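Residue numbers (the working numbering): 135 to 336. Cβ coordinates follow ideal geometry from the N, Cα and C atoms, glycine included. This one's a predicted model, so the numbers in the text were calculated from it and none came from an experiment. Data block below; observations after.
Structure representation (structure tokens):
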């Protein structure tokens, strides 16, 4: 009987724990947006939306049925965005903390940018001028790969020039596409950009 009661108590605690976690998540987002998070991080503005006409639909097709855009896209899992250099200090403001599927497109025409289409989450774009570097890493808030640098981490300035640097991590699918995604981002950054691996990325 005592075991049954203990089990019922645990079941009752599950929704309470989820509620506390959700409240903490939302509080962090509100503090980051207001600039009251930790005394050091300024208010984090919303990232740029997708350009007019870009649309939310994925444009790269599949490996079996590629489209003309396939060469400039990569797909995978958007893991998280964190404050740059602080791999477990998650940014939850403006939906940036939500894990999701993602298609990344390197847009070179018009105003160059990296587009992130996220079904079920807030899509956004990173102007090429705000891209800082692209790295390979083993882990970041939301995903740790033991012994493998399977994450592609894009460092960029949230808020444009003078903005806060953040790191957005993606795990490509298939994993073999990681070098291609790195090359796509490097192409947007240009010769002044940086590519690092492992400890050099920390």
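Bounding residues of the beta strand (DSSP E) (the contiguous stretch that carries residue i)
| i | result |
| --- | --- |
| residue 209 | 207-217 |
Under the three-state DSSP convention, the category residue i falls into
| i | result |
| --- | --- |
| residue 167 | helix |
| residue 220 | coil |
| residue 331 | Legend: pLDDT at residue 331 = 49, less than 50; position of this residue unreliable, no value from coordinates given. |
| residue 234 | strand |
| residue 195 | strand |
| residue 149 | helix |
| residue 241 | strand |
| residue 227 | helix |
| residue 336 | Summary for residue 336: the model assigns pLDDT 38, below 50, so the residue's position carries little reliability, and this model does not support an answer. |
Under 9 Å between C-beta atoms of residue i and residue j
| i | j | result |
| --- | --- | --- |
| residue 299 | residue 290 | yes |
| residue 311 | residue 269 | no |
| residue 318 | residue 225 | no |
| residue 242 | residue 267 | no |
| residue 184 | residue 240 | no |
| residue 261 | residue 271 | no |
| residue 221 | residue 297 | no |
| residue 234 | residue 219 | no |
| residue 256 | residue 294 | no |
| residue 249 | residue 286 | no |
| residue 259 | residue 181 | yes |
| residue 232 | residue 252 | yes |
| residue 236 | residue 304 | yes |
| residue 306 | residue 168 | no |
Nearest candidate by alpha-carbon position, reference residue i, set the options
| i | options | result |
| --- | --- | --- |
| residue 309 | 196, 168, 265 and 210 | 210 |
| residue 216 | 313, 275, 285 and 306 | 275 |
| residue 228 | 139, 177 and 264 | 177 |
| residue 238 | 145, 169, 200 and 212 | 212 |
| residue 194 | 203, 187 and 251 | 203 |
| residue 174 | 314, 286 and 165 | 165 |
| residue 230 | 172, 163, 139 and 314 | 163 |
| residue 223 | 145, 172, 244 and 189 | 172 |
| residue 186 | 244, 201, 265 and 324 | 244 |
heavy atom of the ligand NAD below 8 Å from residue i C-beta
| i | result |
| --- | --- |
| residue 172 | The model depicted lacks the ligand NAD and carries no ligand whatsoever. |
Those runs of the beta strand (DSSP E) which lie wholly inside the segment 246-327 and span at least 3 residues: 247-251, 258-261, 265-271, 285-292 and 298-306
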